[in-house]
Amino acid sequence: MLPSGTLLFTVDGTPNRGGVAVWVNRMLARDVQLLGVSKVPKGMESIWLRVKGHALNMGGRSLLIAACYAAPQGSVQYNDHAGRRRTDTVDRVFGRLRALLRRYVRPCDEILILGDLNARVASLSDIPDLQADAELEAAAGVSIGGNGLIQGMPSRRSKDPSSNPFGQGLVELCRETELIIMNGRVPGDMEGEFTFYHAHGLACSMIDLFVCTPALFSRASHLQVLGIPIAIEGPKVGSRLSDHCPVSLTLDVGLGGTRRGGNTGSSRLGKREWERYTRLFEVEDAAVVQKIDEAVSQLGHGLNSTEVVTVICRALKKAIDATFRLERGQGSIPSAGRTDKDAPWWTHECAEAREAMFAQKALMRANGLLGDQDARAEFSRLRTKYQRLRREAKDKFRVMHFEGVIEECRGDPRALWGRLNGRFSQGCPITDVNSWGAYFNALFNGEVNAFNEVSADTILSTINGVPHGRGRGWVRATGDRVARVTAAAALNVPFTLAEVIAALKSLRNNKSGGLDRVPAECFKCATREVEGRRMFVLAPYLLKLLEHIRSTGDYPVQFEVSALTPIHKKGDVMEKGNYRGLAVGGVLSKLYAFMLEHRLSRWGELVGARSPYQGGFRRKRGTCHNLFLLRHLTDKHKGGRDAVDPLFVCQIDFEKAFDKVPRDLLWLRLEERGVHGAMLEALKTCYNKVMMRVRVDGVTGDPFESSQGVKQGCPLSPTLYGIFGEGFADYVDAKDKWLPDAMRAKQQTPHADGRRIPLELYADDLSLFATTHRRLIVLLADLREWCEAFGMRVNVRKCELMVFHPRANIREAFAALCPVVWTSIEGNARVPMVIPWVQRARYLGLHFGPGTPFVSCTEELLTSGRRAMFSLQRKLKRLGLLVPAVAVKCFDVQVRSILSYGVQVWGPDVVLKLMTDCENSARYFDRSLRDPMVQLQREFLREIAGVKVSPDKLLFKEFNQRPLHVFWLELFLRFWNDLVKQKDTVYHQTLRGEIRSALSTEHYDGWGSKVLKILKMLGTDLTALGGELDLNARVERIAGTELNVSALTKKFADRMDADWEDRSLEDDPRLFNPVDPVPGVGVKMCRYKNWMGDPVDRGYITQRQHVNLMRFRLCVWGIEANRPRGRQRVARVCPMCAVQGSPGRVEDEKHILIECPAYDDLRDKIWESGVPRDADMIAVMGMENQALLASVITSMRSRRIAQTGFII
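According to the UniProt record's numbering, the sequence shown is numbered sequentially starting from 1.
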């Protein structure tokens, strides 16, 4: 019996159990849409409904509801046709749920999944590892994306302590799609009450669950598990009516107002306005250049640098405002009708259709035909045509525009992600700018880390070979320091025009202009063509200004002030400690910092002033170099020649490293390195007075001064901190050099081809290496001395310690018997804390551990890549950009970058496994699809093509893609060449060590061994080089050999494409019947190669027509030739021919497009476009007007569906 005032939606279960029913209030009946149902044979029973956005008070967003029932995992409903129990039940159930989500979810939907899922989730975390995401984003330079609301989500509790495979499957689904389990989180059920009680009291569990999006979670006001009702009549009076408790959820969504509202499902991508800045300087005697010239000419003769900077910024800001105001049709230029300035998508066809529509309306008024049906029908036709042309013009412009955006953001995935986010990006939830100002003021000026300048001097003296020097003993050092000081004289020469131009090119577009609000584009785009050369108009004036600042110390006041923006790192978004401040100065101050940094970095590399163990923020070095060194050391001690010795790895985390650098000791360290004179004074001047103004959501707070640390966001900061932090590495090397081995145990240090590697650095990330516990304690003692002298603190809670050895019992013994203690400063007290031993850790975004191979890091990368793919799909759908021209490029920039992060280090394992598996069968493509990452790539391509299932070879061929292995091979072969070129670096010696181990140890299974095996299988056997020489000479020769990456990659790619070269594909597709069939080569490949041809540039095609064309080309239309029903192929005749009364022929793609008489009128459009009537199939499919072809194919499909009733 239905509750009054409700509607009922049901899906039947089995006769004994199951089934789902949903009651809906009749007040919402007009706004509730039944999307579909799913029954048991496909995984679970579910009903999918959508409550339209205008019916709810959720900012126009719709509510997608999925009411589900999943039978218990051991249910006979999951057995196969033979009655055998399936082993893939979890994958079937939750794979089906993923597929339904992809089918029904729209960009503007909030999601609510509810029901008896028989998923016991216990306290398993359903929130992605946001800290791992943040580290991966920072290391890879790629945004994983995701919903900002998920950050800071409260932890979930559960009284049910047990989990099951269904629960683990649900949690995995939530982590991938950023959904949240509400049970145990919402008021009323904060403990996670039981929802199921066994009829005989044998067990109880929590299996009736609510799952939603983070935005919908914020609207959940109450969730309550009610008592099981008792029967009050009938034969079971007094018995429980069910073994499940009713669960009630209350959402604060209210009822919407008017039906029409803002469209939140799309976002306009603004025009790339930086291109307009070039117009400021198009005229030879531009007024803005004259003003800048006049001001700079008076520099030092009536005007100081502060006044000149003010003139420059005001002149540029005024010119920008005037230019953009005029272009928007304001000011003195009137706006007359629609033009390409206020509607850049406007086309000539739109204008003609608009005029025709208005002309028809005027004619109807003039002749009194406003009520005439024929006249109204003609007007309706013209209006529909105009609206269609306008819509298509907008879509085409958006796609073409975003292709340009992708090119503009090439090499900067973060910028592309920001453009995709547009106005939907999450702002800072803490909007009180004054509270932020107080927080950062306390951070920069509150507690100052204690440091000891006398001890720092002693350490610097030790570094320079004066271990017992007092005072500034390092000043009297000879040898290397004298050479550094002599070379540093080049830092003090005047700036050159070339340096200004190089710094201008380093500025990035689409970045904040700081408090001056003059963007970098203003300076970069101030160019003029002179005799075919691009000249920077403002460069001479900037040279004079910046050289004046450097040489005189006349530092502009504007350079002292930076806008400080809170950037969330990880954890609770409402906790200020989880943010870091990004200081954004004006463009001119950034330009000045770039010039100083370029000089300092170039000098540091030239004279060897930088530590060999530092890989962060240095030219030709990156995270992959540090990861490569880490893998080399850990592999050797897990199974190489050095496996008899353990390897201790201690990862050190510094507390607020950049923010707590004592500036006096920073200058001391720079001077010790050799920096002196004008350069040192210029650097000090940058920090004489550092003012900050917090800016949140466009609101700027009061200024305050920062007295410690380096400015995060300043181009100089990474280099300054790098030189400062490398003092510890220099200190360790110096003590090992000057002190006896009995004190240092320096022989107990791991090595790479004979070179000791005591540690490695990446900016402020420090890893210590030792082969004995004693040596590790020595290194930690050195670190304590350096920290106490230079005012740095170690965050012991975030430090990790591991030991690598082939035998697990030895690893366990070290962890149990060798505690490592660090004395931490808590307030004014010293507290001894034990650094925890871990079995798996994360370094520069990759996970590794002693019990698993290094390649196991791909598991976390796959999870992050899947989340990034889902997020990318949502954004592209929202923007109407899920078309191949844009989507494939976005996938390469965003998702492929995540899946391929660190592939230079772990890639050889994956590629070698593929090649080994294919050594006998040579089916490279088919084998590569077993890789979960390639499966993710295939899933994205299917989404673009609009197909659920398709022949994989056709799918990749259509998008001109290959499995990721080809890209991975190219990356790690190029990395080999990079290592070969980096002579005299620790990374080149690590390469030598890998080669030496591969040549001298038969069973060594490290990076070098795998790369050499891959090269041998590709026909380049480097191990044969110098076979007559001794081991050292062979290592030297192989380590100096550069690879022909292009040729090797092409050879590997050809193996991927080998099936397309099979001779059977040259036959007529209708006669395809190979005598010796090759597995994986079928008739659809033959039809694609002979009928469809290679994909051509299609230009813009509407989404619906593009999907139809794509499905036609991929041979996945449900036509007779593609329906294997046990009939002979000759019997699969065309139903449309029967409608026409024509003799039936086999219905395949060629028959539909060229032969079937039922489509003659549609086919005439193709002949009228210039395609010869006797053209073959491949010529028609390759016709120039692909939009027309897609339109004709779409019409053919619609006609067939209408006349036969079969959806294809």
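C-beta atoms are modelled at their ideal positions from N, C-alpha and C, and glycine is treated no differently.
In this text the structure is predicted, and so the values were computed from the model without any measurement.
- Tyr843: not part of any alpha helix (DSSP H); member of the beta strand (DSSP E) spanning 841 to 843, first to last residue.
- Judged by beta-carbon spacing, Glu45 lies within the 8 Å limit of Tyr69, meaning their Cβ atoms are closer than that value.
- Taking the CA atoms as reference points, Ala729 sits about 13 Å from Ala781.
- With a cut-off of 8 Å on Cβ pairs, the segment 300 to 313 is in contact with the segment 553 to 561, counting three or more such pairs.
- Residue state for Met802 is assigned as strand, using DSSP reduced to three classes.
- DSSP places Ile777 inside the alpha helix (DSSP H), whose first and last residues are 773 to 790.
- Counting only residues of its own chain and dropping the five nearest sequence neighbours on each side, Ala199 has a CB closer than 8 Å to the CB of Arg240, Asp243.
- With respect to the C-alpha of Ser461, the residue from Asp741, Ala450, Thr478 having the closest C-alpha is Thr478.
- With respect to the C-alpha of Gly586, the residue from Ser871, Ala563, Leu941 having the closest C-alpha is Ala563.
- Only residues of its own chain outside the window of five on either side were considered, and among them Pro951, Cys1115 have a CB closer than 6 Å to the CB of Lys1084, listed in chain order.
- For the options Gln873, Ala885, Cys650, the alpha carbon positioned closest to that of Leu768 is the one of Cys650.
- Spanning the alpha carbons of Cys1086 and Trp1007 requires a straight line of approximately 40 Å.
- According to the DSSP assignment, Glu860 belongs to no beta strand (DSSP E) but to the alpha helix (DSSP H) extending over 858 to 879.
- Residue range 109 to 116 is occupied by the beta strand (DSSP E) that includes Gly115.
- Rounded to the nearest angstrom, the gap between the Cα atoms of Asn795 and Trp837 is 15 Å.
- When rounded, the separation of the alpha-carbon atoms in Ala868 and Val105 is 17 Å.
- Contact between Leu629 and Glu760 is confirmed by a C-beta separation of about 6 Å, below the 8 Å threshold.
- In this structure, the CA atom of Met915 is about 30 Å from the CA atom of Glu176.
- Between the segment 885 to 894 and the segment 117 to 130 there are fewer than three inter-stretch CB-CB distances shorter than 8 Å, so the stretches are not counted as touching.
- Where Val584 is concerned, the enclosing beta strand (DSSP E) starts and stops at 579 to 584.
- Secondary structure note for Arg695: its beta strand (DSSP E) is the uninterrupted segment 690 to 696.
- DSSP, read as helix, strand or coil, puts Ile1152 in helix.
- Gly615 has its alpha-carbon roughly 7 Å from the corresponding atom of Thr623.
- Shortest Cα-Cα distance from Arg1199 to any of Gly674, Asp1160, Phe379, Trp822 involves Asp1160.
- Val694 and Phe444 do not touch by the CB rule: their CB atoms are close to 11 Å apart, not below 8 Å.
- Of the other Cβ atoms in all chains shown, 16 or more fall within 10 Å of the Cβ of Met679; this residue is therefore buried.
- Between Ala1187 and the set Met802, Gly1093, Lys957, Gln1103, the nearest pair of CA atoms involves Gln1103.
- Across the structure, Glu191 and Arg157 are spaced so that their CA atoms are roughly 5 Å apart.
- When DSSP states are grouped into helix, strand and coil, Tyr901 belongs to the coil group.
- Counted as a single uninterrupted DSSP element, the beta strand (DSSP E) harbouring Glu826 occupies residues 821 to 826.
- Beta-carbon to beta-carbon, Leu209 and Leu100 are separated by about 17 Å, too far to satisfy the 8 Å threshold.
- Restricting attention to Asn1185, Lys396, Tyr1088, Ser435, the CA atom closest to the CA of Met1177 is found in Tyr1088.
- Annotation: the segment 645 to 702 contains the following complete segments of the alpha helix (DSSP H) (minimum length 4 residues), in chain order: 663 to 673, 677 to 686.
- By the Cβ rule, the segment 1165 to 1185 counts as touching the segment 1148 to 1156, because three or more pairs are nearer than 8 Å.
- Listed in chain order, the non-local C-beta contacts of Asn434 below 7 Å within the same chain comprise Gly701, local neighbours out to five positions each way being set aside.
- Within the same chain, Cβ atoms closer than 8 Å to the Cβ of Asp1005 are found at Asp635, Gly639, the five residues on either side in sequence being excluded.
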